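Chemist:
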Amino acid sequence: MSFIQSSQRAMGALSTNPLFSMAIALVLSATYLFLFSLIQADRNGGFSVELIHRDSPMSPLYNPSETVTTRSLSLHSFLCYGEGSYSKGILATERVTFGSTTGQPISLPKMVFGCGQDNEDLFNKNGSGMIGLARGSVSLISQMSSSVDGKFSYCLVQAFSGLNSSSKMSSGSEAVVSGDRKSFYYLRLEAMSVGRKRLQYNGSLGSSFAPAEGNIIDDSLSSSFAPAEGNIIVNSGTTLTLLPQDFYNKLELAVSKAVWSRRASDPRRFLSPCYRTKSGAIKAPLKYCTFHRPINRSVAVFGNMAQTNFLIGYDLKKDTVSFKPTDCTKN
1 MSFIQSSQRA
11 MGALSTNPLF
21 SMAIALVLSA
31 TYLFLFSLIQ
41 ADRNGGFSVE
51 LIHRDSPMSP
61 LYNPSETVTT
71 RSLSLHSFLC
81 YGEGSYSKGI
91 LATERVTFGS
101 TTGQPISLPK
111 MVFGCGQDNE
121 DLFNKNGSGM
131 IGLARGSVSL
141 ISQMSSSVDG
151 KFSYCLVQAF
161 SGLNSSSKMS
171 SGSEAVVSGD
181 RKSFYYLRLE
191 AMSVGRKRLQ
201 YNGSLGSSFA
211 PAEGNIIDDS
221 LSSSFAPAEG
231 NIIVNSGTTL
241 TLLPQDFYNK
251 LELAVSKAVW
261 SRRASDPRRF
271 LSPCYRTKSG
281 AIKAPLKYCT
291 FHRPINRSVA
301 VFGNMAQTNF
311 LIGYDLKKDT
321 VSFKPTDCTK
331 N
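Below, the structure written as structure tokens:
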């Protein structure tokens, strides 16, 4: 084992400064190199490292030509997320093998994936990456569809709960939707209630987004709706629930009449309405509480904060989606 790169200034700081950072690369063999980037010491004398394989694009010695099963694809796209996040890099194919609870690994010989080298906002080092669950041809679930019989589900733990729990994926189906726009999943939103006031929702997705038919069947609520045009997109990649401006204005007015607290402004100028409280928090039943943001266009989106603590299953062959109230920390 030998050091091939180090910082003498950072090394010297180890004995004099309680906080320091440096970058070290270690050669473990002729084949493997691990880059210890961002070594951060703490005040107790310990430190943490980010371990990166030599074959990682983040490694200074990365050479894609040495990975015989990897092939770069020729593609130029300037699409980005609505809030400005983006990822620039290489679209490639690689043989990928997934473990399975059955003991039989799932192997995809030419899985298409993106290798981001310039990431902004949502695409950062806090996560290992992002996976696609939509019905597009290169999403992870579409590429694995034949191996998992077109079924998957997820259970999202509540955000900012402080619990050390991870969201999990499994399978199931109970809510039915269908449509001619293959990239999205749809539901039929009929109304929202504020207290005892019911606000009818008459929005649609427009001709370019409209599915042929869609309905919701939720056994936990013992209710069902006749098939009708879907009018809200289910999207696990969108944080908030987005509503058209005209309907959002009606919803905000109803909330302002039901809540007697003093109005306040969101310091980030992002959410409205906001209210002042003496304790700094309001305890409310979660099944009646969600966050919304108005959008200028007519497309409504059912975001992931409203999906927390539900086991949500998708069956791509039957065009079904299921919702089951679940404690996702125990699922």
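All residue numbers for the sequence shown refer to this note's numbering, where the first residue is 1 and numbers rise by one. From the three backbone atoms N, C-alpha and C, an ideal C-beta is built for every residue, glycine too. Note that the coordinates shown come from a computational prediction; the quantities given were computed from them, not determined experimentally.
Contact check, S261 vs Y275 under 8 Å by CB: the rounded distance?
Modeler: Rounded, the Cβ-Cβ distance is 4 Å, consistent with contact.
Chemist: Is the region 141–151 touching the region 314–322, taking contact as three or more C-beta pairs under 8 Å?
Modeler: Flag = yes, the region 141–151 and the region 314–322 touch.
Chemist: If you draw a straight line from the alpha carbon of F323 to that of I141, how long is it in whole angstroms?
Modeler: Going by the C-alpha atoms only, they are around 19 Å apart.
Chemist: Can you give the Cα-Cα distance for T308 and T329, rounded to whole angstroms?
Modeler: Spanning the two alpha carbons is a distance of roughly 10 Å.
Chemist: Judging by CA-CA distance, which residue of N231, L156, S167, S165 is the nearest neighbour of E190?
Modeler: Of the listed residues, the one whose Cα sits closest to E190 is N231.
Chemist: S139 and L156 - do their beta-carbons sit closer together than 8 Å?
Modeler: Their beta carbons are not under 8 Å apart, which means L156 does not touch S139 by this criterion.
Chemist: Consult DSSP for L91 and reduce its assignment to one of helix, strand or coil.
Modeler: DSSP places L91 in strand when its eight states are reduced to three.
Chemist: Would you please state the rounded distance, in angstroms, between the beta carbons of N304 and T238? I believe it to be under 8 Å.
Modeler: Contact flag correct, Cβ pair sits at about 7 Å.
Chemist: Can you give me the C-alpha to C-alpha distance between L242 and T93, rounded to a whole angstrom?
Modeler: About 34 Å.
Chemist: CA-CA distance, K257 and S272?
Modeler: If you take the alpha carbons of K257 and S272, they lie about 14 Å apart.
Chemist: Kindly indicate which residue of R268, D266, Y201 has the alpha-carbon position closest to the one of Q245.
Modeler: Measuring from the Cα of Q245, the nearest candidate turns out to be Y201.
Chemist: In whole angstroms, what separates the C-alpha of K197 from that of K318?
Modeler: Each residue's alpha carbon lies about 35 Å from the other.
Chemist: If I follow the unbroken alpha helix (DSSP H) through Y248, where does it start and stop?
Modeler: Counting along the chain, the alpha helix (DSSP H) containing Y248 begins and ends at 245–258.
Chemist: Return the residue from the list G89, V112, L108, V234 that minimises the CA-CA distance to V321.
Modeler: Out of G89, V112, L108, V234, V234 has the C-alpha closest to the C-alpha of V321.
Chemist: Excluding five sequence neighbours on each side, which residues of the same chain lie with their C-beta closer than 8 Å to the C-beta of T97?
Modeler: Same-chain partners within the cutoff: P105, I106, S107, L108.
Chemist: Where do the ends of the alpha helix (DSSP H) carrying I141 lie?
Modeler: 140–144 is the span of the alpha helix (DSSP H), which, as asked, contains I141.
Chemist: How many whole angstroms separate the CB atoms of P325 and F310, which I take to be in contact at a CB cut-off of 8 Å?
Modeler: Between F310 and P325 the Cβ distance is about 6 Å, and since that is below 8 Å, they are a contact.
Chemist: Could you tell me which residues DSSP puts in a beta bridge with S114?
Modeler: Per the sequence shown, the amino acid found at residue 114 is Gly instead of Ser. Answer is L91, bridged to G114.
Chemist: Can you tell me the Cα-Cα spacing of Y185 and R135, whole angstroms?
Modeler: Their backbone Cα atoms lie some 8 Å apart in a straight line.
Chemist: One question on the structure: do V112 and Q143 come within less than 8 Å of each other, judged by their Cβ atoms?
Modeler: In contact: V112 and Q143 (Cβ atoms closer than 8 Å).
Chemist: State the Cα-Cα distance for the pair S146 and D266, rounded to the nearest angstrom.
Modeler: Each residue's Cα considered, the two are about 46 Å apart.
Chemist: So, helix, strand or coil for M192, using DSSP?
Modeler: In this structure, M192 counts as strand in the three-state DSSP scheme.
Chemist: Which first and last residues belong to the beta strand (DSSP E) in which K278 is found?
Modeler: Neither: K278 is in no beta strand (DSSP E) and is coded neither H nor E.
Chemist: Assuming K250 and L199 are in contact, meaning their beta carbons sit under 8 Å apart, how far apart are those beta carbons, in whole angstroms?
Modeler: Right, the Cβ-Cβ distance comes to about 6 Å (below 8 Å), so this counts as a contact.
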